[in-house]
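J.:
Protein chains: 2
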Amino acid sequence: MRISEQAKQLCRARILEKAAELFAARGFDQTTTRDIALAAGVAAGTMFNYFPSKETMAMTMVNEALARGREEFLTRLEGSESLEEELFLLIGTELRRLRPLRPFLGPVLERSLSPFPRKSVCPEGETARQEHLECVRQIMQRHGFSAPREDVAGTIYWSLYLGILAFWTGDDSENQEASRALIDYAIRTFVQMISGNVQGGPHAR
Amino acid sequence: MRISEQAKQLCRARILEKAAELFAARGFDQTTTRDIALAAGVAAGTMFNYFPSKETMAMTMVNEALARGREEFLTRLEGSESLEEELFLLIGTELRRLRPLRPFLGPVLERSLSPFPRKSVCPEGETARQEHLECVRQIMQRHGFSAPREDVAGTIYWSLYLGILAFWTGDDSENQEASRALIDYAIRTFVQMISGNVQGGPHAR
DNA sequence: GCACCTTTGTGAGCGCGCTCATTTTTACAT
DNA sequence: ATGTAAAAATGAGCGCGCTCACAAAGGTGC
């Protein structure tokens with residue numbers, strides 16, 4: 185059976201929608217792939233023609249939210265922001281879009297955005313990292329930074345970003361003041377670092 | 185059957201030893217609990233009287249290595265080090281002890297040291313975090329720092345530490361120059377931050 | 001309308017980590 | 001020695017994510 189591209193995308197979207205509902209209602213680990221298949225009205229095996237793994241389903245939602253956050257960030261930019269302000273705005277809009285997914289983010293990001301090297305990483309996690317870092321790189325370029333020592337600065341930025349994501353994921357307080365303070369501090373620390381103002385240390389000459 | 189405490193510890197040690205060998209030889213994910221049971225000469229179910237999960241077995245090894253690293257750190261201290269030098273020495277000795285476990289660290293630390301909140305976290309991972317942070321806290325106190333804003337500074341330190349661990353875990357180069365540079369940079373960044381030298385930013389007055 | 005081929009759907013079943021009802025083994029009181 | 005109860009070992013089996021051999025369902029040439 186050959187099916188139209190439209191019907192295929194419709195089926196894919198229905199699976200994703202039902203998966204999102206179940207993840208939000210019960211959590212990622214408490215939702216089985218058989219549950220999702222049942223809710224979407226397909227056989228258990230059929231889902232895996234559309235998504236190679238349960239993890240991929242969740243990270244597809246995450247990447248879409250992040251991408252829309254970055255789009256919104258670009259429209260909100262006024263050009264008068266400092267580097268710190270732009271990074272704060274970027275992360276803020278990303279988090280706003282991630283908000284509906286927050287009830288089930290923990291296990292998903294733990295698996296897919298881990299900084300630790302693995303044999304079989306979920307490719308969507310790698311995509312998320314690359315696209316966020318590319319956006320940050322563009323912001324830095326706009327402000328005249330060329331990010332010396334790419335590996336080192338990139339790794340440290342990503343560590344801080346993951347720390348922010350993790351803290352925010354667990355921050356259930358009303359207005360998330362703690363998260364805002366943490367983001368502020370992390371961004372300032374990072375900008376300070378790439379400004380070359382962090383000097384000295386055990387092995388500096 | 186009631187067994188002597190000695191025999192119990194011996195059995196526990198044999199399971200841990202065989203598990204370590206298999207993890208190192210094939211990797212964590214490629215080693216099944218049935219493999220370990222067979223190698224240790226016990227039934228599949230028996231292992232779970234000694235360790236509640238496969239993950240716990242691995243993190244037990246990690247925590248032991250980290251603890252011995254911290255012991256060695258204390259003996260190596262000469263009292264003349266700067267804060268940066270002490271932190272560098274601490275992390276260096278920890279990593280040296282972790283070295284034999286490095287072939288299978290990735291999946292283990294990804295699961296157990298994740299900064300993301302989870303329902304059923306491996307308690308050994310929490311132990312690792314607390315004991316390392318306690319050691320860092322003592323070092324900071326020795327140098328006259330009281331770590332203002334405990335949540336923020338602690339979270340950022342832990343993010344940087346995880347970044348270091350992750351980078352080092354994947355760093356197969358001969359003398360690990362890249363890792364040394366990263367550790368240097370991360371420590372300097374952190375010390376700069378807690379020194380209160382990081383100021384300004386989008387929401388500072 | 002019919003045979004043919006490709007794409008898509010299907011669900012039994014695999015291997016995994018882990019559980020639990022049952023059996024076996026031991027220390028100890030007698 | 002013997003009986004007893006608790007501790008420890010056992011392995012069949014569960015539920016999970018995921019695979020794969022096969023069936024069903026279109027589009028295409030005649």
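Note that the protein sequences, when read in sequence, are chains Z and U. At the far end of the first sequence sits residue 389, using this note's numbering, and the numbering has no gaps. At the far end of the second sequence sits residue 389, using this note's numbering, and the numbering has no gaps. Built from N, CA and C at the ideal position, the CB exists for glycine as well.
1) With a threshold of 8 Å between beta carbons, is Z/A251 in contact with chain U?
2) How would you list, in chain order, the residues of chain U whose beta-carbon sits under 8 Å from the beta-carbon of Z/G263?
3) Which of the three DSSP states, helix, strand or coil, is assigned to Z/A209?
4) Express the C-alpha separation of U/E308 and U/E278 in angstroms, rounding to a whole number.
5) Given 8 Å as the limit, is there contact between the stretch 205-213 of chain Z and the stretch 251-261 of chain Z, that is, 3 or more CB pairs closer than that?
6) Is the beta carbon of U/T353 closer than 8 Å to that of U/L250?
7) From U/S379 to U/A227, what distance separates their C-alpha atoms?
8) Would Z/S188 count as contacting chain U if we go by Cβ distances under 8 Å?
9) Against chain Z, does U/T240 count as a neighbour if the rule is that its beta carbon must be under 8 Å from one of theirs?
10) Name the chain U residues that come within less than 7 Å of Z/D335, Cβ to Cβ?
11) Are the C-beta of U/G290 and some C-beta of chain Z separated by less than 8 Å?
12) What residue range does the alpha helix (DSSP H) around Z/V320 cover?
13) Measure the C-alpha to C-alpha separation of Z/G338 and U/F374 and round it to an integer number of angstroms.
14) Among residues of its own chain, excluding the 5 on either side of Z/R389, which ones have a beta-carbon nearer than 8 Å to its beta-carbon?
15) Quick one: which chain Z residues come within Cβ less than 8 Å of U/E256?
16) Below 8 Å, can you find three or more Cβ-Cβ pairs linking the stretch 240-250 of chain Z to the stretch 279-299 of chain Z?
17) For my contact list, U/D355 and U/A365 are in at a C-beta cut-off of 8 Å; report their separation, rounded to the angstrom.
18) So the alpha helix (DSSP H) Z/D219 belongs to, where does it begin and stop?
19) Our contact map puts Z/S343 next to U/G276 with C-beta atoms below 8 Å; I'd like the distance itself, whole angstroms only.
20) Might you give, ordered along the chain, the residues of its own chain that have their beta carbon closer than 8 Å to the beta carbon of U/L317, omitting 5 neighbours on each side?
21) Mind listing which residues of the stretch 344-359 of chain Z have their C-beta closer than 7 Å to chain U's C-betas, in chain order?
22) Can you give me the start and stop residues for the alpha helix (DSSP H) that U/T230 sits inside?
23) Compile a chain-ordered list of the residues in the stretch 292-323 of chain U whose CB is closer than 9 Å to at least one CB of chain Z.
24) So what's Z/F235 in DSSP terms, helix, strand or just coil?
25) What did DSSP end up calling U/E255 once you bin it into helix, strand or coil?
26) Mind listing which residues of the stretch 195-226 of chain Z have their C-beta closer than 8 Å to chain U's C-betas, in chain order?
27) For U/P299, count neighbouring C-beta atoms within 10 Å of its own C-beta (all shown protein chains included) and say buried if the count is 16 or more, exposed if not.
28) Starting from the Cα of U/E315, find the closest Cα among U/D213, U/R280 and U/R252 and give me that residue.
29) Among the candidates Z/N359, Z/E268, Z/Y234 and Z/V305, whose CA atom is the shortest distance from the CA of Z/F329?
30) So what's U/S264 in DSSP terms, helix, strand or just coil?
31) Give me the residue from Z/F351, Z/I220 and Z/L271 with the minimum Cα distance to Z/M324.
32) Could you confirm whether any beta carbon from chain U is found closer than 8 Å to the beta carbon of Z/L366?
33) Evaluate Z/M185 with the Cβ neighbour count: other Cβ atoms within 10 Å of its Cβ, from every protein chain shown; 16 or more gives buried, anything less gives exposed.
34) Taking U/A350 as the reference, which of Z/H327, Z/Q360, Z/F212 and Z/P301 has the closest Cα?
35) Once you ignore the five residues that flank U/C319 on each side, which residues in its own chain have a CB closer than 6 Å to its CB?
T.: The answer reads as follows:
1) Here residue 251 of chain Z refers to the residue found at position 67 when the first sequence is read from its first residue. Chain U, which has no Cβ nearer than 8 Å to the Cβ of Z/A251, makes this no.
2) Counting from 1 along the first sequence, the entry for residue 263 of chain Z is found at position 79. Here the premise fails: no neighbours, minimum Cβ distance about 15 Å.
3) On the first sequence, residue 209 of chain Z is found 25 positions in, with the first residue counted as 1. Helix, per DSSP.
4) Position 94 of the second sequence, counted from the first residue, corresponds to residue 278 of chain U. Position 124 of the second sequence, counted from the first residue, corresponds to residue 308 of chain U. Roughly 16 Å separates the two Cα atoms.
5) no
6) What you label residue 250 of chain U is simply residue 66 of the second sequence in a count that begins at 1. What you label residue 353 of chain U is simply residue 169 of the second sequence in a count that begins at 1. Against a cut-off of 8 Å, the Cβ pair of U/T353 and U/L250 comes out as no contact.
7) Here residue 379 of chain U corresponds to residue number 195 of the second sequence, with the count starting at 1. Here residue 227 of chain U corresponds to residue number 43 of the second sequence, with the count starting at 1. U/S379 and U/A227: Cα-Cα distance of roughly 55 Å.
8) In the first sequence, counting from the first residue as 1, residue 188 of chain Z sits at position 4. Answer no: the Cβ-Cβ gap between Z/S188 and chain U never drops below 8 Å.
9) As a first step, residue 240 of chain U is located in the second sequence; it is residue number 56 there, counting from the start. It does not; no Cβ of chain Z falls within 8 Å.
10) Taking the first sequence and counting its residues from 1, one reaches residue 335 of chain Z at position 151. Simply A362.
11) The residue given as residue 290 of chain U occupies position 106 in the second sequence. For U/G290, the answer is yes, since a Cβ of chain Z falls inside 8 Å of its Cβ.
12) As a working mapping, residue 320 of chain Z is identified with position 136 in the first sequence. That run of the alpha helix (DSSP H) goes P307 to R326.
13) Position 154 of the first sequence, counting from 1, holds the residue named residue 338 of chain Z. Position 190 of the second sequence, counting from 1, holds the residue named residue 374 of chain U. Going from the Cα of Z/G338 to the Cα of U/F374 covers about 16 Å.
14) Translated into positions along the first sequence, residue 389 of chain Z becomes position 205. Summary for Z/R389: the model assigns pLDDT 48, below 50, so the residue's position carries little reliability; its value from the coordinates is reported in the next sentence. Here the set comprises nothing.
15) Position 72 of the second sequence, counted from the start, is the residue given in the question as residue 256 of chain U. Per Cβ cutoff of 8 Å: no residues; U/E256 is ~17 Å from chain Z at best.
16) yes
17) For this step, residue 355 of chain U is matched to residue 171 along the second sequence. For this step, residue 365 of chain U is matched to residue 181 along the second sequence. The pair is not a contact, with the Cβ atoms about 11 Å apart (cut-off 8 Å).
18) Taking the first sequence and counting its residues from 1, one reaches residue 219 of chain Z at position 35. Start and end: T217 to A224.
19) By 1-based counting over the first sequence, the position of residue 343 of chain Z is 159. By 1-based counting over the second sequence, the position of residue 276 of chain U is 92. Actually they are not in contact, since the Cβ atoms of Z/S343 and U/G276 sit about 18 Å apart, beyond 8 Å.
20) Working through the second sequence from its first residue, we reach residue 317 of chain U at position 133. Excluding sequence neighbours, U/L317 sits near G338, Y341 and W342.
21) L344, L346, G347, A350, F351, T353 and G354
22) Position 46 of the second sequence, counted from the start, is the residue given in the question as residue 230 of chain U. Note, U/T230: premise wrong, no alpha helix (DSSP H); not H, not E.
23) V292, L293, E294, R295, L297, S298, P299, F300, P301, R302, K303 and S304
24) For this step, residue 235 of chain Z is matched to residue 51 along the first sequence. In this structure, Z/F235 counts as coil in the three-state DSSP scheme.
25) Locating residue 255 of chain U in the second sequence gives position 71, where the first residue counts as 1. Helix, per DSSP.
26) G211 and D213
27) In the second sequence, counting from the first residue as 1, residue 299 of chain U sits at position 115. Classification for U/P299: buried.
28) Here the question's residue 315 of chain U lines up with position 131 in the second sequence. The shortest Cα separation from U/E315 among U/D213, U/R280 and U/R252 belongs to U/R252.
29) Here residue 329 of chain Z is taken as the residue at index 145 of the first sequence, counted from 1. Out of Z/N359, Z/E268, Z/Y234 and Z/V305, Z/E268 has the C-alpha closest to the C-alpha of Z/F329.
30) Stepping through the second sequence from its first residue, residue 264 of chain U is reached at position 80. The answer is coil: DSSP assigns U/S264 none of H, G, I, E or B.
31) To locate residue 324 of chain Z, count along the first sequence from 1; it is residue 140. Closest option to Z/M324, Cα to Cα, is Z/L271.
32) On the first sequence, position 182 is the one that residue 366 of chain Z refers to. Interface residue, yes.
33) Working through the first sequence from its first residue, we reach residue 185 of chain Z at position 1. The residue in question, Z/M185, is exposed, as its Cβ has fewer than 16 Cβ neighbours within 10 Å.
34) Mapped onto the second sequence, residue 350 of chain U falls at position 166. When only C-alpha atoms are compared, the closest one is Z/P301.
35) Residue 319 of chain U sits at position 135 when you count from the first residue of the second sequence. Once the five neighbours on either side are set aside, the close Cβ partners of U/C319 are R254.
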